[in-house]
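Peer 1: The numbering of the sequence shown is my numbering, which starts it at 8 and goes up by one. Below you'll find the structure I mean.
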Amino acid sequence: MKNEIPFNQLNAILDLQRLNGAEMPYQNLSWSTIKEIQEIISENYKKDLVSEINTSNFFALLLDESTDITVSKRLSICVRYVKTGEAFTSFLASAEITDGCAYTVVEAVHNIVTSLGLDLTKCVSLATDGASVMMGRKAGVGVQLQAKFCPYMIQTHCIAHRFNLAITDAMKNNDTMKKFKEMFQTLYNFMSSSTVRINTLKSMQQLLNEPDITIKEPHSIRWLGLKRSVEVVYDCFGSLLAALSNLATENASAKGLFKYFSQYKTALLVGLMLDVHTELGILSCHLQEKSLVFSDVYPLIEGTVGKLEYLKSNEGSGLHDMRKSIEISENNEASYKGETLKNYKKNHSDKEFETVKLNYIDSLIKNIKKRIRKHDSEILASLGVILEPLSYTSDNESALKCIMSLYCEPKVTKITVDDITHQTHVPALLDGDKLMEEWQAVKAMSQGCYRQLHLQDFCKKIILKHNTRYPNFAKIAEIGLCIEVSSVECERSFSAQNRFKTKYRAALKDESLEALMTVFLLGPSVKDFNPSKSVSTWLRRRDRRKKRLTEAYKPRLVTKKKL
Numbered sequence: 008m009k010n011e012i013p014f015n016q017l018n019a020i021l022d023l024q025r026l027n028g029a030e031m032p033y034q035n036l037s038w039s040t041i042k043e044i045q046e047i048i049s050e051n052y053k054k055d056l057v058s059e060i061n062t063s064n065f066f067a068l069l070l071d072e073s074t075d076i077t078v079s080k081r082l083s084i085c086v087r088y089v090k091t092g093e094a095f096t097s098f099l100a101s102a103e104i105t106d107g108c109a110y111t112v113v114e115a116v117h118n119i120v121t122s123l124g125l126d127l128t129k130c131v132s133l134a135t136d137g138a139s140v141m142m143g144r145k146a147g148v149g150v151q152l153q154a155k156f157c158p159y160m161i162q163t164h165c166i167a168h169r170f171n172l173a174i175t176d177a178m179k180n181n182d183t184m185k186k187f188k189e190m191f192q193t194l195y196n197f198m199s200s201s202t203v204r205i206n207t208l209k210s211m212q213q214l215l216n217e218p219d220i221t222i223k224e225p226h227s228i229r230w231l232g233l234k235r236s237v238e239v240v241y242d243c244f245g246s247l248l249a250a251l252s253n254l255a256t257e258n259a260s261a262k263g264l265f266k267y268f269s270q271y272k273t274a275l276l277v278g279l280m281l282d283v284h285t286e287l288g289i290l291s292c293h294l295q296e297k298s299l300v301f302s303d304v305y306p307l308i309e310g311t312v313g314k315l316e317y318l319k320s321n322e323g324s325g326l327h328d329m330r331k332s333i334e335i336s337e338n339n340e341a342s343y344k345g346e347t348l349k350n351y352k353k354n355h356s357d358k359e360f361e362t363v364k365l366n367y368i369d370s371l372i373k374n375i376k377k378r379i380r381k382h383d384s385e386i387l388a389s390l391g392v393i394l395e396p397l398s399y400t401s402d403n404e405s406a407l408k409c410i411m412s413l414y415c416e417p418k419v420t421k422i423t424v425d426d427i428t429h430q431t432h433v434p435a436l437l438d439g440d441k442l443m444e445e446w447q448a449v450k451a452m453s454q455g456c457y458r459q460l461h462l463q464d465f466c467k468k469i470i471l472k473h474n475t476r477y478p479n480f481a482k483i484a485e486i487g488l489c490i491e492v493s494s495v496e497c498e499r500s501f502s503a504q505n506r507f508k509t510k511y512r513a514a515l516k517d518e519s520l521e522a523l524m525t526v527f528l529l530g531p532s533v534k535d536f537n538p539s540k541s542v543s544t545w546l547r548r549r550d551r552r553k554k555r556l557t558e559a560y561k562p563r564l565v566t567k568k569k570l
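Written as structure tokens, this is what we have:
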């Protein structure tokens, strides 16, 4: 299960171990037995996770939907909770749903979460990919969950998805960059569709002593897809020009690609895009970290924007090395490793490139700031002021009142069934009067001995050391750590899902697929796996006949039924 091996190979593995001299009494296990063992291992890990979540006062949900290889709609549910003063994000469940409507998703979430023994009123945050089904203002999943089950929940748009949208928007609004990406897609389609073309590129790489690498696809929905594509072209740019030059004599598509990539401006663009997207890739990786908290986002954004501002007036290593590799002859002709670069005009070409460079970087900065604002919501801004000693201001009192308006007042949830509305009164999460009393002491600590702590460290101190004395503020600290700003964990679960359910394993049932994903995402390595708990559960589940497990498998006789 951890190594994505189909369980019809299990008996072969047992036979191999038996040949290796291991004591292996079980042989020819039936599929039902293997499936039962698989489900028991999965259930144990799921129970352990639910027990940990229930020790936390609050938790957050991460939702996303996708389709598998059989075009079945699947919903991934992940969870973020606090344990020993630290936030943990983990896969919770995966289920097949009939459609992608908001009502269907809400019902599936409610049924799955409650069946696991979790209280939805403790959910204080929902992170989604920003689709209208999830974030619709009138009847989206977040609005319905808040109205029916989670009155104290706030919803966030995944920061990694927003960042990717900002990059995409910057390229859409720039004709030069739009064509740049289209030509990279054309290059990938052209090279990957023929073994002869791939071998031509490889032979040129060997001849010019460049890395033996293949052209990558600039995937639009895959984060860092364009970065990897640009890296490959940059590392073997000379080989690529030589290969396209040879292929252009017989192929019109190669002729068009050679005409574009052999331009002086294109060569400089490749170096520029490597520098820019290296910085964007670093930020994207940070935004996908499991330990990310909401207060970390904007400092990371500011750092990347600062580096982009620097690249406007300075050359990065990629552009600098590309310029260094381009040779300018006495006749004002540019060449790269023997291949002539077209449309080079002294001074004019560099000025034209600088204009494109400034427009693209300005567009990137503008779109990043537009998509990712410093304060996405009043609650997040208030939590940042209260829980971050380093950002202490005189406006702390108003921030505390904003938090109290959400968490210190009782709420009512409403569910309509058969035109009958059922109301449920949910008590307040915090005691407002006691919170105001506790805040005076906590404020003194945040300005005193804890003034140099970051949000995570400050919250951990409050939860672990001052929980009994300041219980209400400890709950605020726990809420702050639970707030999820990314739905990346759902994307990781979809990656696991697609590795398990392939066209060769398309018949995997819903229960088996979820069991495989649970063990893969929650379980330890094979080396660290302790089977004793699962073995005990398996032996107690029913009366096991030892003889049956050690004898050769005999399939049941199929008898014809009389009509």
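Don't be surprised by glycine CBs; every beta carbon is placed ideally from N, CA and C. Predicted model, so just to flag it, every value in this text is computed and none were measured.
Cα-Cα, which of Thr121, Ile119, Leu172 is closest to Gly137?
Peer 2: Here residue 137 refers to the residue found at position 130 of the sequence shown. Here the closest residue by C-alpha is Leu172.
Peer 1: Can you check the region 356-437 for any alpha helix (DSSP H) of at least 4 residues that lies completely inside it and give the ranges in chain order?
Peer 2: 385-394, 403-414
Peer 1: If you count every other CB in all the chains shown that lies within 10 Å of the CB of Asp464, and 16 or more means buried, which is it?
Peer 2: Position 457 of the sequence shown, counting from 1, holds the residue named residue 464. Within 10 angstroms of the beta-carbon of Asp464 lie fewer than 16 other beta-carbons, which makes it exposed.
Peer 1: Excluding sequence positions up to five away, which residues of its chain have a Cβ less than 8 Å from the Cβ of Thr221?
Peer 2: On the sequence shown, position 214 is the one that residue 221 refers to. Once the five neighbours on either side are set aside, the close Cβ partners of Thr221 are Met198, Ser199, Ile205, Leu208, Val239.
Peer 1: What residue range is occupied by the uninterrupted beta strand (DSSP E) comprising Lys80?
Peer 2: The sequence position of residue 80 within the sequence shown is 73, counting from 1. Residues 80-90.
Peer 1: Would the beta-carbon of Thr431 fall within 8 Å of that of Thr420?
Peer 2: As a first step, residue 431 is located in the sequence shown; it is residue number 424 there, counting from the start. As a first step, residue 420 is located in the sequence shown; it is residue number 413 there, counting from the start. Going by C-beta atoms, Thr431 is nearer than 8 Å to Thr420.
Peer 1: In the DSSP assignment, find the alpha helix (DSSP H) that holds Ala177 and state where it starts and stops.
Peer 2: For the purposes of this step, residue 177 is taken as the residue at position 170 of the sequence shown. Start and end: 166-179.
Peer 1: So, do the region 89-109 and the region 154-166 have three or more beta carbon pairs nearer to each other than 8 Å?
Peer 2: no
Peer 1: Going by beta carbon distance, what residues of the same chain come within less than 7 Å of Phe360, once the five residues before and after it are set aside?
Peer 2: Taking the sequence shown and counting its residues from 1, one reaches residue 360 at position 353. Counting only Cβ-Cβ distances below 7 Å, and skipping sequence neighbours, we find Lys272, Leu275.
Peer 1: With H, G and I counted as helix, E and B as strand and the rest as coil, what does DSSP make of Tyr317?
Peer 2: In the sequence shown, the residue the question calls residue 317 occupies position 310. DSSP places Tyr317 in helix when its eight states are reduced to three.
Peer 1: On the three-state DSSP scale, how would you describe Ser39?
Peer 2: On the sequence shown, residue 39 is found 32 positions in, with the first residue counted as 1. Three-state DSSP puts Ser39 in a helix.
Peer 1: I'd like the span of the beta strand (DSSP E) that includes Asp71, first residue to last.
Peer 2: Here residue 71 refers to the residue found at position 64 of the sequence shown. From DSSP, the beta strand (DSSP E) with Asp71 extends over 66-74.
Peer 1: Sorted by chain position, which residues of the same chain lie with C-beta nearer than 7 Å to Lys179's C-beta, five sequence neighbours on each side aside?
Peer 2: Here residue 179 corresponds to residue number 172 of the sequence shown, with the count starting at 1. So the qualifying residues of the chain are Lys185.
Peer 1: From what residue to what residue does the beta strand (DSSP E) around Ala341 run?
Peer 2: Counting from 1 along the sequence shown, the entry for residue 341 is found at position 334. Start and end: 341-343.
Peer 1: Does the distance from the C-beta atom of Ser83 to that of Cys497 stay below 8 Å?
Peer 2: Taking the sequence shown and counting its residues from 1, the one referred to as residue 83 is at position 76. Taking the sequence shown and counting its residues from 1, the one referred to as residue 497 is at position 490. Contact: yes.
Peer 1: Would you tell me roughly how many angstroms separate the C-alpha atoms of Glu30 and Val86, rounded to the nearest one?
Peer 2: As a first step, residue 30 is located in the sequence shown; it is residue number 23 there, counting from the start. As a first step, residue 86 is located in the sequence shown; it is residue number 79 there, counting from the start. Approximately 41 Å between the Cα atoms of the pair.
Peer 1: May I ask you to list the residues that DSSP assigns as paired with Leu348?
Peer 2: As a first step, residue 348 must be located in the sequence shown, where it is residue number 341. Paired residues: Ala341.
Peer 1: Taking all protein chains shown into account, decide if Val492 is buried (16 or more other Cβ within 10 angstroms of its Cβ) or exposed.
Peer 2: As a first step, residue 492 is located in the sequence shown; it is residue number 485 there, counting from the start. When all chains shown are included, Val492 counts as buried.
Peer 1: Do you know whose CA, among Ile174, Leu194, Gly325, lies nearest Ser370's CA?
Peer 2: Position 363 of the sequence shown, counting from 1, holds the residue named residue 370. Comparing Cα positions, the closest option is Ile174.
Peer 1: Short check: CB of Pro225 to CB of Leu231, under 8 Å?
Peer 2: Counting from 1 along the sequence shown, the entry for residue 225 is found at position 218. Counting from 1 along the sequence shown, the entry for residue 231 is found at position 224. No, the pair does not count as a contact, with Cβ atoms beyond the cut-off.
Peer 1: Sorted by chain position, which residues of the same chain lie with C-beta nearer than 6 Å to Gly325's C-beta, five sequence neighbours on each side aside?
Peer 2: Reading the sequence shown from its first residue, position 318 is the one you call residue 325. Only Gly278, Leu281, Asp282 meet the Cβ criterion.
Peer 1: Pairing CB atoms from the region 528-536 with CB atoms from the region 325-344, are three or more of them under 8 Å?
Peer 2: no
Peer 1: Which runs of the beta strand (DSSP E), 3 residues or longer, sit entirely within the region 114-162?
Peer 2: 130-135
Peer 1: Tell me the residue span of the alpha helix (DSSP H) that contains Thr256.
Peer 2: Within the sequence shown, residue 256 is the residue found at index 249, counting from 1. First-last for Thr256: undefined, no H or E at that position.
Peer 1: Where Lys129 and Lys53 are concerned, what is the direct C-alpha to C-alpha distance, given to the nearest angstrom?
Peer 2: Here residue 129 refers to the residue found at position 122 of the sequence shown. Here residue 53 refers to the residue found at position 46 of the sequence shown. Between Lys129 and Lys53, the C-alpha separation is close to 19 Å.
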